[in-house]
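First the structure, in the form of C-alpha cells, and then the observations on it.
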Amino acid sequence: MHDVTKVYQLEGIEVRALCGVSMDIHEGEMVSIMGPSGSGKSTLMHIVGLLDRPSAGVVSIEGEVVGDLSPNQLAALRNEHIGFVFQSFNLLARTGAQANVELPLVYGGVSGAERSRRAREALERVELGDRLNHTPGQLSGGQQQRVAIARALVTSPSIVLADEPTGNLDSRSGVEVMGILQDLNAQGITVVIVTHDANVARHSQRIVELRDGVIVRDETVADRLDAHDEMSQLGMNTAADVEAVLGTAGDAS
Amino acid sequence: MNFAESFRIAVRAVFANKVRSALTMLGVIIGVAAVILLVAIGTGVQGEITGTIEGLGSNLLFVFPGQINTGGGGGGGFGGPPSAGKPFSLADAKLLQARLNGASAVVPVASGAGVLRLGNKSGRSTLMGATDQGAQVFSATLGGGRHYNRSEVDASARVLAIGYTIKASLFPNSDPVGQYITVNGQRFKVIGWYEKQGGSLSGDQDNQAYLPITTLQTLTGNNDVRIIMIKAADATNIDLVRAQAKRILEPKFADNITVMSQDQTLGILSTVLDTLTYMLAGIAGISLLVGGIGIMNIMLVSVSERTREIGIRKAVGARTYDILSQFVIEAMMLSLTGGIIGILIGAGGAWAIQSVVPTTVTPWAVAIAFFFSAGVGVFFGVYPAWKASQLDPIVALRYE
Ligand SMILES: Nc1ncnc2c1ncn2[C@@H]1O[C@H](COP(=O)(O)OP(=O)(O)O)[C@@H](O)[C@H]1O
Ligand SMILES: [Mg+2]
Numbered sequence: 001m002h003d004v005t006k007v008y009q010l011e012g013i014e015v016r017a018l019c020g021v022s023m024d025i026h027e028g029e030m031v032s033i034m035g036p037s038g039s040g041k042s043t044l045m046h047i048v049g050l051l052d053r054p055s056a057g058v059v060s061i062e063g064e065v066v067g068d069l070s071p072n073q074l075a076a077l078r079n080e081h082i083g084f085v086f087q088s089f090n091l092l093a094r095t096g097a098q099a100n101v102e103l104p105l106v107y108g109g110v111s112g113a114e115r116s117r118r119a120r121e122a123l124e125r126v127e128l129g130d131r132l133n134h135t136p137g138q139l140s141g142g143q144q145q146r147v148a149i150a151r152a153l154v155t156s157p158s159i160v161l162a163d164e165p166t167g168n169l170d171s172r173s174g175v176e177v178m179g180i181l182q183d184l185n186a187q188g189i190t191v192v193i194v195t196h197d198a199n200v201a202r203h204s205q206r207i208v209e210l211r212d213g214v215i216v217r218d219e220t221v222a223d224r225l226d227a228h229d230e231m232s233q234l235g236m237n238t239a240a241d242v243e244a245v246l247g248t249a250g251d252a253s
Numbered sequence: 254m255n256f257a258e259s260f261r262i263a264v265r266a267v268f269a270n271k272v273r274s275a276l277t278m279l280g281v282i283i284g285v286a287a288v289i290l291l292v293a294i295g296t297g298v299q300g301e302i303t304g305t306i307e308g309l310g311s312n313l314l315f316v317f318p319g320q321i322n323t324g325g326g327g328g329g330g331f332g333g334p335p336s337a338g339k340p341f342s343l344a345d346a347k348l349l350q351a352r353l354n355g356a357s358a359v360v361p362v363a364s365g366a367g368v369l370r371l372g373n374k375s376g377r378s379t380l381m382g383a384t385d386q387g388a389q390v391f392s393a394t395l396g397g398g399r400h401y402n403r404s405e406v407d408a409s410a411r412v413l414a415i416g417y418t419i420k421a422s423l424f425p426n427s428d429p430v431g432q433y434i435t436v437n438g439q440r441f442k443v444i445g446w447y448e449k450q451g452g453s454l455s456g457d458q459d460n461q462a463y464l465p466i467t468t469l470q471t472l473t474g475n476n477d478v479r480i481i482m483i484k485a486a487d488a489t490n491i492d493l494v495r496a497q498a499k500r501i502l503e504p505k506f507a508d509n510i511t512v513m514s515q516d517q518t519l520g521i522l523s524t525v526l527d528t529l530t531y532m533l534a535g536i537a538g539i540s541l542l543v544g545g546i547g548i549m550n551i552m553l554v555s556v557s558e559r560t561r562e563i564g565i566r567k568a569v570g571a572r573t574y575d576i577l578s579q580f581v582i583e584a585m586m587l588s589l590t591g592g593i594i595g596i597l598i599g600a601g602g603a604w605a606i607q608s609v610v611p612t613t614v615t616p617w618a619v620a621i622a623f624f625f626s627a628g629v630g631v632f633f634g635v636y637p638a639w640k641a642s643q644l645d646p647i648v649a650l651r652y653e
C-alpha cells in the first residue's frame, strides 16, 4: 500500500485516522501492527482487508490495484483470499460452531457435503473437532476465538488478519491463539496481527508501529517468541491439554 | 450463494423469533382472511340473488309506481319502489289485464307484516297478497295443498298458503293443510305450503305467507298495490308488452311509472352488488395493507438488531445481493405463510357461516389473496432488505 490516508467525517469534524501510510506486506510474512489505542491500527487493518477504502492513496494486492473494484468484487476477494479474526470474535450468535465456520464457504458457493467436510477439518485444526454444534454462548472466550480462526482459515486464504485476537482472552488462551497463528504462518499463510501489546507483537517476525496515523517504527523482531515453548513452560503441551486442565469455563475472559 | 441457502437462513431467522414472527404474520393472516371471507360473502349473496331473479323467468315485467333510474350507477334506488309516485290500485291491474295483448298473467302484489299464531306458538311473517295468477309469477313451489283460487280472491276469503319456515315452526310434525291459524287475530284456513327456497338479502323467502290480495287489504286496511307483475306469453314479445303497459297506464300516471324486465333488474342489482363486493374487498384490503406495514416495521427492527450479523456476513464475503435476498425472502416467508393461513381461515369461516349468509370462495379470490400477500412481502420487505444490503461492513462491525 502506498501513501494511504483515511479521513473520517464525524459530525462535520475530520478525524485523520491514517496520514500517508506506506508499507509492503510480503507473502508468508508474520507482521504485527502496534500502537496505542486510537493510533489507526484497526483502520489500517480494515483497509488492508478490503473492508474499507482509503480516502486517498493506493492499495494493491499481488500487483493489482483494488481501488476501482465494486463492493461485490471486494466481497468476493475477501471471501477468497482473506480471513479475519476480531477482538470480539464476531461469531453469529445462536449458531453452531460448524455453521459459523461454514459461513465463508456458503458465500463462496461451496456446496453442502464439501462445505461440512472443510468446516470440520478447520475446527479439528484448532482442536475443536468435538464442539461442532456448540453455539458461541456455550463456548469459552478462547474456544470462540479458535472458532473464529477456523472460520478465517476454512477458505485457505492467502492472508489472515487478526485485530487484537488476544484482547479479550486470558494469557493462557492468548498464548494458545498465538500458537495457532504461528502454525498457520509456518504453513505459508501471511499473518497480520494488530495489537497494543508488545509481548503479543514479539510472536511475529516484524513489527510496524503506528502513532497518530503515522508509521514511527518498522523493524524485524530480534528475540522472537515461540508460543509452543511458552505453552510447555506453562505446563500445557497442546490445546487439548488446556481443555483437560481448565475445563470449558476456566479460560473464559 | 444460491436460493436454497438464502431460504435456509431466512427460515432460521423466522424460527429464531417465534413469537415475533407469529405476531407479524397475524396482521397478514387477518388481512387475507378478511379479504377471502368478505369477497366470499359478496360473491355468494350476489350469486343467490341473481339466481332467485333468474328463477323468475325472463318473460316477467315488474311495474312500479314512480321512476327508477335504470341506468345503473347514479342515484337510483333498488330493491323496491322509489318513494315518490302515486301507488297503484287493484283497478289499475284490472285495466292492464283487460287491455294488454300478449300477457298471460297480470298480478297485483301487496305485502304486509303479520303475526301468525297456532295455540301457544307464534311468529312474525311477511304476508304477500296477490291474485290467483300469483302462482304463475312467484318462484315458490307447492309442497302440499293448493294455491288460493279466483273465487277466494273475489270473496276476500281467509285462506293462506305458508312458506316452509312457518310450516316448520307452527306445524313441526303435522300436515298444515286444512288446519286453522290466526293472522293478526283473525282466523285463517291453511290451504297449502311451499318447499324450502333459502334466504336472500331481502329476507327469508320461506318466512312468507301467501294470501288473496283482497284479504290482505282488508286485514291491513291499506288498499295500495305495491307492484304489478306481468308475465308475457312469449319472452320475445317482452318489449312490446312493456310499451303497451306504459301506454295503458299513461293517462292516469303520465311518466311516473317504471316497467322493468328481469334483465334490467339483474343489471341494476349486479352493479350494486359488484360495488358492494369491491367495497368489502377494499376494506379487507386495507387491513392487508396494515399487515404489510407490520412486516416492514418488524423487518426494519430486525435489520437494525442484526446489524452486526450483517457486518460479519459481509466481512466473510456476502455480496449485496446475498443480504438483500436473505431479508426479502424472510419478509416473503412471513407474508406468504400468513397469506396461506389467512386463506385457510377465510375459507373455513366462509364455510362455517354458510347457513347464515350465502358464501362462495372463488379460485380467483384465493389466487389474488395469495399473490397479493406475496406482493406485500416483497413490497414491504424490499426497503428494509435494501437498507441491510447497503450497510458498510465496517460500520456494521463496529455497531454495538
Ligand atoms: N467509523 C469511524 N468514524 C469516525 N472516526 C473513526 C471511525 N473509526 C475510527 N475512527 C477514529 O479513527 C482513529 C483511529 O481508530 P482505530 O483505527 O480504531 O484505532 P486503533 O485500532 O488503533 O485503536 C480514532 O481516532 C477513531 O476515533
Ligand atoms: Mg482497534
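Those protein sequences? They're chains A and D, same order as listed.
For the first sequence, the numbering used here gives the first residue as 1, with consecutive numbering after it.
For the second sequence, the numbering used here gives the first residue as 254, with consecutive numbering after it.
Glycine is no exception: its CB is placed at the ideal position from the N, C-alpha and C atoms.
Being a predicted model, the structure only gives us computed values, none of them experimental.
(Q) Please tell me whether residue 578 of chain D and residue 548 of chain D are closer than 7 Å, where the distance is taken between their beta carbons. (A) With contacts defined as CB atoms closer than 7 Å, residue 578 of chain D and residue 548 of chain D fail to qualify as a contacting pair.
Q) Apart from the five residues just before and just after residue 357 of chain D, which ones in its own chain have a Cβ nearer than 6 Å to its Cβ? A) Answer for residue 357 of chain D: 484, 486, listed in chain order.
Q.
Using the Cβ count rule (16 or more neighbours within 10 Å means buried), how would you classify residue 271 of chain D?
A. Exposed, since its Cβ has fewer than 16 Cβ neighbours within 10 Å.
Q: Would you mind reading off the limits of the beta strand (DSSP E) that contains residue 218 of chain A?
A: Taken as a continuous stretch (DSSP letters only), the beta strand (DSSP E) holding residue 218 of chain A covers 214-220.
Q) In whole angstroms, what is the alpha-carbon distance linking residue 314 of chain D and residue 636 of chain D? A) Pairing residue 314 of chain D with residue 636 of chain D, the inter-Cα distance amounts to about 58 Å.
Q: Output the boundary residues of the beta strand (DSSP E) element that contains residue 83 of chain A.
A: Membership of residue 83 of chain A in the beta strand (DSSP E) is indicated by the continuous run 82-85.
Q) Listed in chain order, which residues of the segment 558-586 of chain D have Cβ atoms closer than 8 Å to some Cβ of chain A? A) Taking 8 Å as the Cβ-Cβ cut-off, the segment 558-586 of chain D approaches chain A at 561, 562, 564, 565, 566, 567, 568, 569, 570, 571, 572, 573, 574, 575, given in chain order.
**Q.** Minimum C-alpha distance to residue 81 of chain A - residue among A/212, A/193, A/154
**A.** Ranked by Cα distance from residue 81 of chain A, the first of A/212, A/193, A/154 is A/154.
Q) In the structure shown, what three-state DSSP assignment does residue 639 of chain D receive? A) Helix, per DSSP.
**Q.** Interface positions of the segment 113-134 of chain A facing chain D (Cβ-Cβ less than 9 Å), listed along the chain
**A.** Taking 9 Å as the Cβ-Cβ cut-off against chain D, none of the residues of the segment 113-134 of chain A qualify.
Q. Roughly how many angstroms separate the alpha carbons of residue 222 of chain A and residue 111 of chain A, rounded to a whole number?
A. One alpha carbon belongs to residue 222 of chain A, the other to residue 111 of chain A, and they sit about 45 Å apart.
Q) Does residue 301 of chain D get closer than 7 Å to chain A when you measure Cβ to Cβ? A) At a cut-off of 7 Å between beta-carbon atoms, residue 301 of chain D makes no contact with chain A.
Q: Could you list the residues in the segment 636-653 of chain D with a C-beta less than 7 Å from some C-beta on chain A, going in chain order?
A: Contact annotation: in the segment 636-653 of chain D, residues whose CB is within less than 7 Å of a CB in chain A are 646, 647, 650.
(Q) Which runs of the alpha helix (DSSP H) at least 4 residues long sit entirely within the segment 157-222 of chain A? Give them in chain order. (A) Correct list: 171-186, 198-201.
Q: Drop a sphere of 10 angstroms on the beta-carbon of residue 460 of chain D, count the other beta-carbons inside from all chains shown, and report buried for 16 or more, exposed for fewer.
A: With 16 or more Cβ atoms within 10 Å of its Cβ, residue 460 of chain D is classed as buried.
Q. Between the Cα of residue 70 of chain A and the Cα atoms of D/406, D/349, D/645, which residue gives the shortest distance?
A. Checked all of D/406, D/349, D/645; the closest Cα to residue 70 of chain A is D/645.
Q) Is there contact here, the segment 299-306 of chain D with the segment 495-512 of chain D, by at least three beta-carbon pairs under 8 Å? A) No: fewer than three Cβ pairs fall under 8 Å.
**Q.** Residues from the segment 258-284 of chain D in contact with chain C, defined by Cβ distance under 7 Å
**A.** Looking for chain C here will not work: the only protein chains present are A and D.
Q. Quick one, which residues of the segment 53-72 of chain A are near chain D if we go by CB-CB under 8 Å, in chain order?
A. Those would be 71, 72, in chain order.
Q: Taking only beta-carbon positions, decide if residue 79 of chain A is within less than 7 Å of chain D.
A: Output row for residue 79 of chain A: interface = yes.
Q) Which residue's Cα is closest to the Cα of residue 43 of chain A: A/161, A/187, A/217? A) With distances taken between Cα atoms, residue 43 of chain A lies closest to A/161.
Q. Should residue 42 of chain A be counted as a contact of ligand 4 given a C-beta to heavy atom distance under 6 Å?
A. This structure lacks ligand 4; the ligands present are ligand 1 and ligand 2.
(Q) Quick check: what's the CA-CA separation for residue 277 of chain D versus residue 374 of chain D? (A) Spanning the two alpha carbons is a distance of roughly 52 Å.
**Q.** Cα-Cα separation between residue 489 of chain D and residue 312 of chain D, rounded to whole angstroms
**A.** The alpha-carbon atoms of residue 489 of chain D and residue 312 of chain D are separated by roughly 8 Å.
**Q.** beta strand (DSSP E) segment containing residue 89 of chain A, residue limits
**A.** According to the DSSP assignment, residue 89 of chain A belongs to no beta strand (DSSP E), since it is labelled neither H nor E.
Q: Just the C-alpha distance for residue 19 of chain A and residue 210 of chain A, rounded to the nearest angstrom, thanks.
A: In this structure, the alpha-carbon of residue 19 of chain A lies about 10 Å from that of residue 210 of chain A.
**Q.** Any chain D beta carbon closer than 7 Å to residue 89 of chain A
**A.** No, because no Cβ of chain D sits closer than 7 Å to the Cβ of residue 89 of chain A.
Q) So, helix, strand or coil for residue 425 of chain D, using DSSP? A) Reduced to three states, the DSSP call for residue 425 of chain D is coil.
Q: Just the C-alpha distance for residue 335 of chain D and residue 341 of chain D, rounded to the nearest angstrom, thanks.
A: Its pLDDT being 49, under 50, residue 335 of chain D is placed unreliably in this model, and the value from its coordinates should be taken loosely. Going from the Cα of residue 335 of chain D to the Cα of residue 341 of chain D covers about 13 Å.
Q: Let me know if residue 559 of chain D comes out buried or exposed under the rule of 16 or more other beta-carbons within 10 Å of its beta-carbon.
A: With a 10 Å radius around the Cβ and a threshold of 16 neighbouring Cβ atoms, residue 559 of chain D comes out buried.
Q.
What does the Cβ neighbour count give for residue 13 of chain A, buried or exposed, with the cut at 16 atoms within 10 Å?
A. Per the 10 Å Cβ criterion, exposed.
(Q) Output needed for residue 332 of chain D: all residues of its chain with C-beta closer than 6 Å, excluding positions within five of it in sequence on either side, in chain order. (A) At residue 332 of chain D, the pLDDT of 45 sits below 50, so the modelled position is not reliable and the matter cannot be decided from this model.
(Q) Pull the bridge partners of residue 64 of chain A from the DSSP assignment, please. (A) In the DSSP output, where bridge partners are listed per residue, residue 64 of chain A has A/61.
Q) Any heavy atom of ligand 1 within a distance shorter than 6 Å of the CB on residue 38 of chain A? A) Because some heavy atom of ligand 1 lies under 6 Å away, the Cβ of residue 38 of chain A counts as near it: yes.
**Q.** C-beta contact flag for residue 439 of chain D and residue 450 of chain D at 7 Å
**A.** No, Cβ-Cβ distance for residue 439 of chain D and residue 450 of chain D is not below 7 Å.
Q: Please decide whether residue 227 of chain A counts as near chain D, where near means a Cβ-Cβ distance under 7 Å.
A: It does not: the Cβ of residue 227 of chain A has no partner Cβ on chain D nearer than 7 Å.
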